[in-house]
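Shown next as structure tokens:
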């Protein structure tokens, strides 16, 4: 599995980590699209991070089958 993006709990906040090499190949207009996704998702995750039992709190990954999967950490879903 290759992760496209993930959200980690760091220093009391939420950090968005993007696999830029994979993202650039998939989405040529990468500058704007993930920023909007990251901003809105971080706001939601900020309210729920106290329930997270692991890091990353949320991760999007590309499976070997080519499908895309989003996973939440234990305690969130």
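Residue numbers (my numbering): 41 to 117. Even glycine gets a Cβ: it sits at the ideal position worked out from N, Cα and C.
Cβ pair residue i, residue j closer than 8 angstroms
i           : j           : result
residue 113 : residue 83  : no
residue 91  : residue 115 : yes
Chain-order list of residues whose beta-carbon lies under 6 angstroms from that of residue i (same chain, five-residue window excluded)
i           : result
residue 110 : 100
Coarse secondary structure for residue i, derived from DSSP in three states
i           : result
residue 61  : helix
residue 48  : strand
residue 54  : strand
residue 85  : helix
residue 118 : What is shown of the chain runs 41 to 117, which leaves residue 118 out entirely.
residue 120 : Because the chain in this structure spans residues 41 to 117, residue 120 falls outside the shown range and cannot be described.
residue 90  : helix
Residue(s) in a DSSP beta bridge with residue i
i           : result
residue 102 : 42, 108
Residues near residue i by beta carbon distance below 8 angstroms, same chain, minus five either side
i          : result
residue 59 : 42, 43, 44, 45
residue 48 : 54, 55, 57, 95, 96, 97
Beta-carbon proximity list for residue i, same chain, < 7 angstroms, skipping 5 on both sides
i           : result
residue 88  : 116
residue 108 : 100, 102
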